[in-house]
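Below is one structure; the comments refer to it alone.
2 protein chains.
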Amino acid sequence: MATQSARRTQAERTAETRARIMDAVVECIADVGFGRATASEITRRAGVTWGAVQHHFGDKDGILRAVLEDSFERFAERLEGMPGTGASVNERVDAFINCAWSHFGSADYQSTFEILLQVERARAPGDLPTWQSGMSKEWSRIWRAAFADARLSRRESLALQRYTVSVLTGIASMRVIGGGGQRRPDAELDLLKDALSRSLQGQA
Amino acid sequence: MATQSARRTQAERTAETRARIMDAVVECIADVGFGRATASEITRRAGVTWGAVQHHFGDKDGILRAVLEDSFERFAERLEGMPGTGASVNERVDAFINCAWSHFGSADYQSTFEILLQVERARAPGDLPTWQSGMSKEWSRIWRAAFADARLSRRESLALQRYTVSVLTGIASMRVIGGGGQRRPDAELDLLKDALSRSLQGQA
DNA sequence: CCGCTTCCATAACGATTGCAATGGAAACCA
DNA sequence: TGGTTTCCATTGCAATCGTTATGGAAGCGG
């Protein structure tokens, strides 16, 4: 099978190697945690050597940043298909949260989250926070598009957005530190949806 | 000054050395992040040598666990002084969340949280999750004492508790990965309080 | 078919890590 | 006051980390 590997274009080889390395990083962190996701462990899982990593990503921080950007990108793509102002507020909230949770609740995001924490703590004081530079703008744009008809001040809207992100992040975090959170946090998500629907409809 | 140090009881020496080491761990993680909180950096900040750490805590994991336990303990103590069922639900919710946030929002908790993530990922599959073994019981007991009069099923009560912890954890997490969160998240906390008050009073 | 570039494996390197072993000073107990 | 225990500094070590330098194989353009 796949003995075509003797005949592949450079672009194909590059794409596959990059994907294998990035997948290995995510899988490795998910399995043994960030602290034990060493360079040798990553290369072992990816089935490549460190030379390959060096060629494509430069150094270890390079892979981590690439994984983060990839995660942000796929999240933004996922959010694109949100229903417009045609549907009811409740329906839009439901779709939005479900979609967002399909990202925050994914196994991959647990790894991304650990990378995010680690990279963020190593950030130079002058640089923009990783979340803000990578995700905040997309998130905010899509949010405004989905809930453009809500009668909220800019301040109120931002607070709601921050609350949403915080809750999703928190539920995801608890799955890590709380351990056995294989259970789907439907109750928590429902509480979040209620709060959103109520606030977006101006019910103080 | 403090040349009294030539005359101190063993218990005093022990207490001070332990406190200095644990404080150094927290301070170190808060400053440079868990990844760079190495043994030498910790001992440098504490003004002791590794021998002292080894004597009191055994190994590095020992310090981390001690810091976690200490954090849990102080949190439980803080929660003890909650008003009983005399006050109104709104007042109790307000006091409870303010008190809980004074823990989750503290600078120390950021370090604790990073330790928690790291230790949890290194946990053996059979062991209890750190949060559950260290904090869940106390939390649940105090919660039930504070809101004993709420007409909620056990399932609903647990969901509310989990939601509360998730939101607080999430807000705290966003301060780390979002960077500039020196701002007090009053708006988010208000949204949480509203959800709690409403649910505890049975307003579907 | 052949130079050239891209891609990746191999094999070292220096720096750090956390830990074990030993020794001595201070505090306690009699 | 002398023996014992507690406390902690020192030193050395094995392991491992991430990185760099170099060489060769695979695809590409002429």
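Protein chains in written order, with my numbering: chain A, 89 to 292; chain B, 89 to 292. A virtual CB, placed ideally from N, CA and C, is assigned to each residue, including glycine. Here the structure is a predicted model, which means the values were calculated and not measured.
- Cβ contact annotation for Arg108/B (same chain, cutoff 7 Å, sequence separation greater than five): Ala134, Gly135 and Val136, in chain order.
- If you draw a straight line from the Cα of Ala112/B to the Cα of Asp119/B, it comes to about 10 Å.
- Within the same chain, Thr257, Ala260, Ser261 and Val264 come within 8 Å of Phe201/B by CB-CB distance, once the 5 residues on both sides are set aside.
- Just measuring C-alpha positions, the residue of Val155/B, Gly266/B, Ala234/B and Ser241/B sitting nearest Ala183/B is Ala234/B.
- Annotated three-state conformation of Arg132/A is helix, per DSSP.
- Secondary structure at Leu288/A: helix, using DSSP grouped into helix, strand and coil.
- For Glu100/A, no CB of chain B lies under 8 Å from its own CB, so it is not counted at the interface with that chain.
- The Cβ-Cβ distance between Thr252/B and Leu280/B falls below 8 Å.
- When secondary structure is reduced to three states using DSSP, Phe184/A falls in the helix class.
- Interface criterion met: the Cβ of Pro217/B is under 8 Å from a Cβ in chain A.
- Annotation: the segment 197–278 of chain A contains no complete segment of the beta strand (DSSP E) (minimum length 3 residues).
- Excluding its 5 nearest sequence neighbours in each direction, Glu104/A has no C-beta neighbour in its own chain below 6 Å.
- Between Leu246/A and Leu284/A, the C-beta gap is not smaller than 8 Å, which leaves the two residues out of contact.
- By the neighbour-count definition (other C-beta atoms within 10 Å, threshold 16), Gly172/A is an exposed residue.
- Ala210/A is positioned such that its CB atom lies closer than 8 Å to that of Gly121/B.
- Using beta-carbon distances, Arg250/B counts as an interface residue toward chain A, with a partner under 8 Å.
- For the pair Phe160/A and Met110/A, the CB atoms are not nearer than the 8 Å cut-off.
- When Cβ-Cβ separations below 8 Å define contact, Gly150/B makes no contact with chain A.
- About 17 Å separates the beta carbons of Val255/B and Val181/A, which is beyond the 8 Å limit, so they are not a contact pair.
- By the neighbour-count criterion, in which a residue is buried when 16 or more other Cβ atoms sit within 10 angstroms of its Cβ, Ala188/A is buried.
- At a cut-off of 8 Å between beta-carbon atoms, Val177/B makes no contact with chain A.
- The shortest CA-to-CA distance from Val207/B to any of Arg243/B, Ala236/B and Ile151/B is the one to Ile151/B.
- Residues of the segment 114–136 of chain A with a C-beta less than 8 Å from any C-beta of chain B: Val120, Gly121, Phe122, Gly123 and Arg124, listed in chain order.
- Of the candidates Ser241/B, Arg286/B, Ala236/B and Thr218/B, Thr218/B places its Cα closest to the Cα of Arg153/B.
- Proximity of chain A to Val255/B at the Cβ level (cut-off 7 Å) is accounted for by Ser254, Val255 and Gly258, in chain order.
- Of the residues assessed, Pro213/A falls on the exposed side of the cut-off, its CB having fewer than 16 other CB atoms within 10 angstroms.
- Ranking Gly290/B, Arg286/B, Asp274/B and Thr97/B by CA distance to the CA of Asn186/B puts Asp274/B first.
- Where Met170/B is concerned, there is no enclosing alpha helix (DSSP H), because DSSP gives it neither an H nor an E.
- With a threshold of 8 Å between beta carbons, Glu157/A makes no contact with chain B.
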